[in-house]
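The listed protein sequences derive, respectively, from chains A and Y. Heads up: the first sequence at position 238 corresponds to 301 in my numbering, and the numbers run straight through without jumps. Heads up: the second sequence at position 245 corresponds to 308 in my numbering, and the numbers run straight through without jumps. Heads up, the beta-carbon is just placed ideally off N, CA and C, and yes, glycines get one too. Report on the following structure.
Protein chains: 2
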Amino acid sequence: MDIEKLQNEKYAASISSIKEAQLRISPHIHRTPVFSSESLNSIAGRKLHFKGECFQKGGAFKFRGACNAIYSLGHDQAVKGVVTHSSGNHAAAVSLAAKLRGIPAYIIIPKNAPQCKVENVKRYGGQVIWSEPTMQSRESVATKVQQETGAVLVHPFNDGRIISGQGTISLELLDQVPEIDTIIAPISGGGLISGVALAAKAINPAIKVLAAEPRGADDAAQSKAAGEIVKPQKVDTIADGLRAFLGDLTWPIVRDLVDDIITVEDKEIVEAMRMCYEILKVAVEPSGAIGLAAVLSDEFRKKTVTKDSANIGIILSGGNVDLGVLWDSLKSSSSS
Amino acid sequence: MDIEKLQNEKYAASISSIKEAQLRISPHIHRTPVFSSESLNSIAGRKLHFKGECFQKGGAFKFRGACNAIYSLGHDQAVKGVVTHSSGNHAAAVSLAAKLRGIPAYIIIPKNAPQCKVENVKRYGGQVIWSEPTMQSRESVATKVQQETGAVLVHPFNDGRIISGQGTISLELLDQVPEIDTIIAPISGGGLISGVALAAKAINPAIKVLAAEPRGADDAAQSKAAGEIVKPQKVDTIADGLRAFLGDLTWPIVRDLVDDIITVEDKEIVEAMRMCYEILKVAVEPSGAIGLAAVLSDEFRKKTVTKDSANIGIILSGGNVDLGVLWDSLKSSSSS
Numbered sequence: 064m065d066i067e068k069l070q071n072e073k074y075a076a077s078i079s080s081i082k083e084a085q086l087r088i089s090p091h092i093h094r095t096p097v098f099s100s101e102s103l104n105s106i107a108g109r110k111l112h113f114k115g116e117c118f119q120k121g122g123a124f125k126f127r128g129a130c131n132a133i134y135s136l137g138h139d140q141a142v143k144g145v146v147t148h149s150s151g152n153h154a155a156a157v158s159l160a161a162k163l164r165g166i167p168a169y170i171i172i173p174k175n176a177p178q179c180k181v182e183n184v185k186r187y188g189g190q191v192i193w194s195e196p197t198m199q200s201r202e203s204v205a206t207k208v209q210q211e212t213g214a215v216l217v218h219p220f221n222d223g224r225i226i227s228g229q230g231t232i233s234l235e236l237l238d239q240v241p242e243i244d245t246i247i248a249p250i251s252g253g254g255l256i257s258g259v260a261l262a263a264k265a266i267n268p269a270i271k272v273l274a275a276e277p278r279g280a281d282d283a284a285q286s287k288a289a290g291e292i293v294k295p296q297k298v299d300t301i302a303d304g305l306r307a308f309l310g311d312l313t314w315p316i317v318r319d320l321v322d323d324i325i326t327v328e329d330k331e332i333v334e335a336m337r338m339c340y341e342i343l344k345v346a347v348e349p350s351g352a353i354g355l356a357a358v359l360s361d362e363f364r365k366k367t368v369t370k371d372s373a374n375i376g377i378i379l380s381g382g383n384v385d386l387g388v389l390w391d392s393l394k395s396s397s398s399s
Numbered sequence: 064m065d066i067e068k069l070q071n072e073k074y075a076a077s078i079s080s081i082k083e084a085q086l087r088i089s090p091h092i093h094r095t096p097v098f099s100s101e102s103l104n105s106i107a108g109r110k111l112h113f114k115g116e117c118f119q120k121g122g123a124f125k126f127r128g129a130c131n132a133i134y135s136l137g138h139d140q141a142v143k144g145v146v147t148h149s150s151g152n153h154a155a156a157v158s159l160a161a162k163l164r165g166i167p168a169y170i171i172i173p174k175n176a177p178q179c180k181v182e183n184v185k186r187y188g189g190q191v192i193w194s195e196p197t198m199q200s201r202e203s204v205a206t207k208v209q210q211e212t213g214a215v216l217v218h219p220f221n222d223g224r225i226i227s228g229q230g231t232i233s234l235e236l237l238d239q240v241p242e243i244d245t246i247i248a249p250i251s252g253g254g255l256i257s258g259v260a261l262a263a264k265a266i267n268p269a270i271k272v273l274a275a276e277p278r279g280a281d282d283a284a285q286s287k288a289a290g291e292i293v294k295p296q297k298v299d300t301i302a303d304g305l306r307a308f309l310g311d312l313t314w315p316i317v318r319d320l321v322d323d324i325i326t327v328e329d330k331e332i333v334e335a336m337r338m339c340y341e342i343l344k345v346a347v348e349p350s351g352a353i354g355l356a357a358v359l360s361d362e363f364r365k366k367t368v369t370k371d372s373a374n375i376g377i378i379l380s381g382g383n384v385d386l387g388v389l390w391d392s393l394k395s396s397s398s399s
């Protein structure tokens, strides 16, 4: 059976839905640049190709999935708007994509969310609706909004349209740098890595696909080891975008197509952020810099799966960090 | 008389020497990306096209001029090496270009220079030679090195080969974004703006060329007003790359071809750096961010010369800043 057909039958997304997503979203998204640094190549001992999703609209790859989901809606459905209860880059992406399509976006935000995230949503035209700071309250407020407005829920990762949108990164990256033999992306709920893996493996099954995960939120590594979704009791990492758990639609793809998961400490993430700033000259948030942290880690060097990796695509997945937060992390990292 | 001939007769560089420079250096330099932001366009009320020289090798445009000067040398001259007594981005650029050509670079550095600048030079293979922290000592040490080694002095700006190298930015930028009607670049010794103006005006004399200068080091603005080179007694600005005065080779070009000079306060420069980081996601040093500061200034909005400017090319000239310095500037700027 060919890969395309297999993917269509087994998973919530596939190379076909990713190619459709590319056609659908390409008029709206940035084709982000790929860049490199000889200094970092020599530190890593391999060629590193950085896919700059920090330059994506909204400052993160999330806009691809949000755009695909929102432009997939039929007119009658779309006019009622969309709703989500993520407060991070996905919320900003949904707000922006909805604004482009000219429909309302209702964003449920817990009362204790950082002000900058609230501002981001408002700046992109999202309507902020407050909830209590529990997942239960967020979900019940979202349900209420859906009932009152008829808006469609756009989940941040556990949704085939989202996975397909994120997968367009692989199509672009492999077109920009065809010699890539390994791709590494952050993993949280698994939407990004699922799309990336589906597209990359369909284009060339020999490409290694790796996920990078913070040690303090290593549910994906634990899940891979256990062979089933594991949800740790406690999550503690500076990478605020990587605290979610795998969903039932992303898990099978991660299980089958992600070759390995590299876990890194927060201090390695902060050091990678600093390198992005001082060497690559690019602003990358903690969740976005984890791929570089993973490639430079001892764990990566010891892996058998990557021993022949010569051209590594690293997805710098987002750049939304405010300078104060970055500085505080650097200070606490250097004093620890 | 045509512009090319006029430039050849009147100035130390011309569109012909700039095109030669482009052929000479293009195998060695990065063709840097141009990017934009709808948020910044809407703040400025015009389309802004950012030329990312912070992504140039060595982290700044200086590599273009250094490369052109060093690859212009005949073999017999080149093998004896090059010497310079600038300690900033030019020193790093000369070190790197000399390393590429496989010749020695002697870099005179005053004993009180910041450690990071010394490290930069060493990282790129330059040989550090210490001087006392006075211009007199720097120059006498440089002369001594020239006499002992036969090395060629590569001046940071007052040199036709340097001006020609920097001018290649205009060739690239106008090829990347042909609709540009206005270009703004920082001014210090005048090497960058001279090259940029010579090339832009030769391609299209209607293009406006503006220089951005810190209020605390506004010798170029004073010189333009006086009609002759003025060297203020005191220089005080956060933009450490913009503290030099015009030279006798750059002044005539600035006098004749730069349409206007916009002066900005240090706090406007720091705010522009923050915008580069948080909106463009790019690390830009104070000297590199001044073009954006100028375009967003009240002075710019009031100028007659720019009232029809719709597509502005802004040269982000360098990205070499360490995070601690950036943070300290932001703190002192917000508390002042």
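{"Query": "Do the segment 66 to 74 of chain A and the segment 102 to 120 of chain A meet, that is, are 3 or more Cβ pairs less than 8 Å apart?", "Result": "no"}
{"Query": "Helix, strand or coil: how does DSSP classify S380(A) here?", "Result": "coil"}
{"Query": "Looking at the C-beta of D385(A), does it have a partner C-beta in chain Y at a distance below 8 Å?", "Result": "yes"}
{"Query": "Residues of chain A with CB closer than 8 Å to the CB of G382(Y), please, in chain order.", "Result": "K344"}
{"Query": "Restricting to runs no shorter than 3 residues, where is the beta strand (DSSP E) found entirely within the segment 106 to 144 of chain Y?", "Result": "110 to 115"}
{"Query": "Compute the Euclidean distance between the alpha carbons of D385(Y) and V191(A), then round it to the nearest angstrom.", "Result": "36 Å"}
{"Query": "Going by Cα to Cα distance, which pick from V368(Y), P219(Y), F98(Y) is closest to L273(Y)?", "Result": "V368(Y)"}
{"Query": "Taking the CB atoms as reference points, tell me whether A356(Y) and I332(Y) lie closer together than 8 Å.", "Result": "yes"}
{"Query": "Taking any Cβ of chain Y, which residues in the segment 108 to 141 of chain A have a Cβ under 9 Å from it, in chain order?", "Result": "G115, C117, F118, K120, G122"}
{"Query": "Less than 8 Å between CB atoms is the rule here; does P96(A) satisfy it with respect to chain Y?", "Result": "yes"}
{"Query": "Just curious, the beta strand (DSSP E) that S194(Y) is in, first and last residue?", "Result": "190 to 194"}
{"Query": "If I'm right that P405(A) touches I225(A) with Cβ under 8 Å, what's the distance once you round it to whole angstroms?", "Result": "The structure shown does not extend to residue 405(A), since chain A is modelled only from 64 to 399, so the question has no answer here."}
{"Query": "Using the Cβ count rule (16 or more neighbours within 10 Å means buried), how would you classify S417(A)?", "Result": "Lying before the first or after the last residue shown, residue 417(A) is absent from chain A, which here runs from 64 to 399."}
{"Query": "Check whether the Cβ of D361(A) sits closer than 7 Å to any heavy atom of the ligand GDP, and report yes or no.", "Result": "Annotation note on the ligand GDP: not contained in the displayed structure, which lists no ligands."}
{"Query": "How far does the alpha helix (DSSP H) with K294(A) in it reach, from first residue to last?", "Result": "First-last for K294(A): undefined, no H or E at that position."}
{"Query": "Ordered along the chain, which non-local residues of its own chain (more than five positions away) have a Cβ less than 8 Å from that of I66(A)?", "Result": "I78, K264, A265, P268"}
{"Query": "For N374(Y), which residues does DSSP report across the bridge?", "Result": "K110(Y)"}
{"Query": "State buried or exposed for D371(Y), treating a residue as buried only when at least 16 other CB atoms are found within 10 Å of its CB.", "Result": "exposed"}
{"Query": "Between H148(Y) and T206(Y), what straight-line distance do the alpha-carbon atoms span, to the nearest angstrom?", "Result": "10 Å"}
{"Query": "Going by the CB atoms, is the gap between I81(A) and A262(A) shorter than 8 Å?", "Result": "yes"}
{"Query": "Using CA atoms only, rank isn't needed, just tell me which of A129(Y), N175(Y), G137(Y) is closest to L159(Y).", "Result": "A129(Y)"}
{"Query": "Cutting at 7 Å between CB atoms, please list the residues of its own chain near A96(Y), excluding the five before and the five after it.", "Result": "Sequence inspection shows Pro at residue 96(Y); the Ala mentioned does not correspond to that position. G115, F118, listed in sequence order."}
{"Query": "With distance defined between alpha-carbon atoms, name the residue in G376(Y), V184(Y), K330(Y), S150(Y) nearest to T197(Y).", "Result": "S150(Y)"}
{"Query": "Using the Cα positions of K68(A) and Y134(Y), report the straight-line distance between them to the nearest angstrom.", "Result": "56 Å"}
{"Query": "For D311(A), is the classification buried or exposed, using 16 other Cβ atoms within 10 angstroms of its Cβ as the cut-off for buried?", "Result": "exposed"}
{"Query": "Please give the ranges of any beta strand (DSSP E) in the segment 272 to 343 of chain A, keeping only runs that are unbroken, at least 3 residues long and fully inside the region.", "Result": "323 to 327"}
{"Query": "Using a 10 Å radius around the Cβ and a threshold of 16 neighbouring Cβ atoms, would you call Q199(Y) buried or exposed?", "Result": "exposed"}
{"Query": "Taking the beta strand (DSSP E) that I400(Y) falls in, what are its first and last residues?", "Result": "Outside the displayed span of chain Y (64 to 399) sits residue 400(Y), for which this structure offers no information."}
{"Query": "Using C-beta distances below 8 Å, list every residue in its chain close to N374(A), excluding the 5 sequence neighbours before and after it, in chain order.", "Result": "R109, K110, H112, V240, E242, I243, D244, T245"}
{"Query": "Grab me the residues of L103(Y)'s own chain with a C-beta within less than 8 Å of its C-beta, minus the 5 sequence neighbours each way, in chain order.", "Result": "L111, M338, I342, L343, L355"}
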